[in-house]
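The next block holds one structure in the form of structure tokens; read it before the comments.
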Amino acid sequence: MYLKTTGVEQHEALSNEYGALQLGRRHCGIPVPRPLDLVSSSTKSYFLTSKAPGLRLGLCIDTLSDQELVTMARDLRTCVGLLLSIPKQVAPNHAICNALGNACCDDRINAALDYDEDQGDFVGPFLGEEVLNKMLQTPALPGVSHRGRHRIVFTHADLNMRNVLVQNGRLSAIVDWEN
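The C-terminal position of the sequence shown is numbered 179 in full-length UniProt numbering, with every residue numbered one higher than the one before it.
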């Protein structure tokens, strides 16, 4: 088992991770840890999951054979395809939200904004992509905006070689779903 401990101010992020893991397991069989429990005290939050087997891809990618790399790429492509097919069942009035239908926590978005102490690290939820893009506009480039009309899908906002686990040359789990 794995126990993640944070200050109570991060309880919302852990709640989202719990919900995201449930979605991944329920809808498409993505290999993710099983969320077991989420509790908090007045100062701490605790999130308990099953232990996912394997090593971080970034630690072992140089040891994989060419065939294992091809297999890993295929496994990852399959998992991402399954992830993008998860139906949105929360917050029907908001196109962009976290797994629970609430505000999102994404460091890429937060890096573009002035910090709002009341809001903390969370932004949204957003009615649509246009609202998000407008919020991301910078005064230094008033006419520049992100392109719109993307298909909005559920995703892992921090998919990288730290969060992909490998065992016996195969993808064994995707971890760290708090964003």
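Where a beta carbon is used, it is the ideal one built from N, C-alpha and C, also for glycine.
Keep in mind that this is a model prediction, so the values were computed, not measured.
Residue i: first and last residue of the uninterrupted alpha helix (DSSP H) it sits in
| i | result |
| --- | --- |
| Q67 | D66 to L84 |
| Q22 | H11 to H27 |
Segment limits, beta strand (DSSP E) that includes residue i
| i | result |
| --- | --- |
| G7 | Y2 to G7 |
| A173 | R170 to I174 |
| D37 | P35 to S40 |
Environment of residue i [buried if 16+ CB atoms lie within 10 Å]
| i | result |
| --- | --- |
| A73 | exposed |
| Q89 | exposed |
| A150 | First, the residue type needs correcting, since residue 150 is His and not Ala in the sequence shown. Result: exposed. |
Anticipated Cβ contact below 8 Å, residue i with residue j, distance rounded
| i | j | result |
| --- | --- | --- |
| H146 | W177 | Not confirmed; about 24 Å, so no contact. |
| E17 | F47 | 7 Å |
Residue closest to residue i, alpha-carbon to alpha-carbon, out of the options
| i | options | result |
| --- | --- | --- |
| L38 | P31, L21 and C28 | L21 |
| P35 | G19, H27, S41 and L100 | G19 |
| T71 | R170, L14 and V32 | R170 |
| L100 | G120, E130 and P125 | P125 |
| D121 | G128, S85, N98 and V131 | N98 |
| V131 | E68, A95 and M1 | A95 |
| V32 | K44, T49, S41 and I61 | T49 |
| H27 | H11, S85 and V80 | S85 |
At 4 residues or longer, what runs of the alpha helix (DSSP H) sit wholly inside the region 91-163? 107-110 and 129-136
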